[in-house]
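Chains as they are written, first to last, in this note's numbering: chain X, 1 to 253; chain V, 1001 to 1253.
Quick reminder that beta carbons are idealized off the backbone N, C-alpha and C, glycines included.
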């Protein structure tokens, strides 16, 4: 018997940004596991009618992963869902961590990770081409890593001249960290570097704020915002009546 | 009159990894502009039958971008296509560079960038969850930036503890640079760090080589390979008869 488990990235939220592969996995689900918002989205995006929803909080990722692996061993077809791409601060890592720590039998499960459009790609596309050069993706949360590691990574990334995408920039429990991170970046980068706060890209509640590093304030972000920090080669194109286009030169002079 | 232009990411190559949005843009095309492989793929993925193909070499990106903008100004609906995501070492940056340098009228064109699944996401999904933590995406090509910038970025990214995805790792014109880049990384990272060479992920010619930093050799890559270099928290899970799963711990101890 083949035991199967899917880990599916649902994309940024708009139905048109889901891949066909993701839809096909959802259509096979007997169980859907994830954060409430993503389980709801999975149903909208075509999960099988009989799929049993298992909604858990975002802090319970390892328990959710183990539950999915147990369901797979019972011959069910659990689908673990994440927003964006499940491999980028989503559920994929938690599932493999659970496998590594779990019973040997779990290694025989046919685990398929279905990639998706992660937030930084959708945000960049909406703005123009700010990822035109090298870039990095950093979570600002210190739930899982020490804060001094976060700051060190920001500084080194800025010194390297990488465009920086910040996931999880701010939460109620961490209201001040984004300002500290921006201050660390100001030590390395000039104040006129473009900074964008992008929320709910591609959805009806979309909001984009374009500013500069010197003027950026943490209060412009919440947990659902992606913060994009340009590099020395990130340029703006002004347009009448629209947010400016942002792009990073492919060429480093 | 609205002038329109689409820039579309076609995903890694498998038809199931294309988004619905990308298909809808292709279906509206009067003209397809891109590298031959991607124009062919765009036709397979549902480009309008009457779309005129304009195939150009990868070294002619700015000229291709200007051509697309001129077609848009003629009232046609040009679709510029890239593999993966057009914003990640694809055509998006070239189009906006052409807009910035071009006539003012081009700023009125409704340019839509349709995001796609870029190679590093598809590769990570195939391997497990190697992007479980912070990561960066760096092009190893020095066609557009000095080689010392490339090496400096690699060293700083490794010092930061980021997982590193290398695009364009090797070409006929640059046969030795990947070995130089790997040598620079060995100065910073321990030799047992996992390294993966992944080619044509999700396609029939898929090839994956899992090794370590100390044993990695540039000759294992070509221009179509993505090279993924783990960090200190990237782990392997051995499986009978299969390539090992690779994942990066979400937690930095």
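- If you draw a straight line from the Cα of residue 196 of chain X to the Cα of residue 103 of chain X, it is about 45 Å long.
- Residue environment: residue 115 of chain X is assigned as buried (16 or more neighbouring CB atoms within 10 Å of its CB, all protein chains considered).
- By the CB criterion at 9 Å, residue 93 of chain X and residue 38 of chain X fall outside the cutoff.
- Bridge partners of residue 204 of chain X according to DSSP: none are assigned.
- Residues of chain X with a Cβ closer than 7 Å to the Cβ of residue 1247 of chain V are, in chain order, 93, 96, 97.
- Assigned with DSSP and collapsed to three states, residue 1154 of chain V falls in helix.
- The beta carbon of residue 1185 of chain V is closer than 7 Å to those of 1154, 1158, 1213, 1229 in its chain, skipping five residues each way along the sequence.
- For a cut-off of 8 Å, the C-beta gap from residue 166 of chain X to residue 80 of chain X is around 25 Å, too long to register as a contact.
- For residue 123 of chain X, the enclosing alpha helix (DSSP H) starts and ends at 119 to 127.
- Taking a contact to require three or more Cβ pairs closer than 8 Å, the region 1137 to 1155 of chain V and the region 168 to 179 of chain X do not qualify as touching.
- Contact between residue 1087 of chain V and residue 173 of chain X is ruled out by a C-beta separation of about 32 Å, above the 8 Å threshold.
- Residue 1038 of chain V carries a helical assignment under DSSP once its states are collapsed to helix, strand and coil.
- A residue is called buried once 16 or more other Cβ atoms fall within 10 Å of its Cβ, and residue 183 of chain X, having fewer, is exposed.
- In this structure, residue 1198 of chain V lies away from residue 96 of chain X, with their beta-carbon atoms at least 9 Å apart.
- Between the region 136 to 149 of chain X and the region 105 to 113 of chain X there are fewer than three inter-stretch CB-CB distances shorter than 8 Å, so the stretches are not counted as touching.
- Of the residues assessed, residue 143 of chain X falls on the exposed side of the cut-off, its CB having fewer than 16 other CB atoms within 10 angstroms.
- By the rule that beta-carbons nearer than 9 Å mark a contact, residue 206 of chain X does not touch chain V.
- For residue 1050 of chain V and residue 1078 of chain V, the gap between their C-alpha atoms comes out near 12 Å.
- Residue environment for residue 31 of chain X: buried (at least 16 other C-beta atoms within 10 angstroms of its C-beta).
- Annotated three-state conformation of residue 1236 of chain V is strand, per DSSP.
- For residue 1139 of chain V, the neighbours in chain X by C-beta distance under 7 Å run, in chain order, 134.
- Residue 1003 of chain V and residue 1073 of chain V do touch by the CB rule: their CB atoms are close to 6 Å apart, below 8 Å.
- The alpha-carbon of residue 1053 of chain V is positioned some 36 Å away from that of residue 1209 of chain V.
- Not flagged as an interface residue toward chain V: residue 50 of chain X, since no C-beta distance is shorter than 9 Å.
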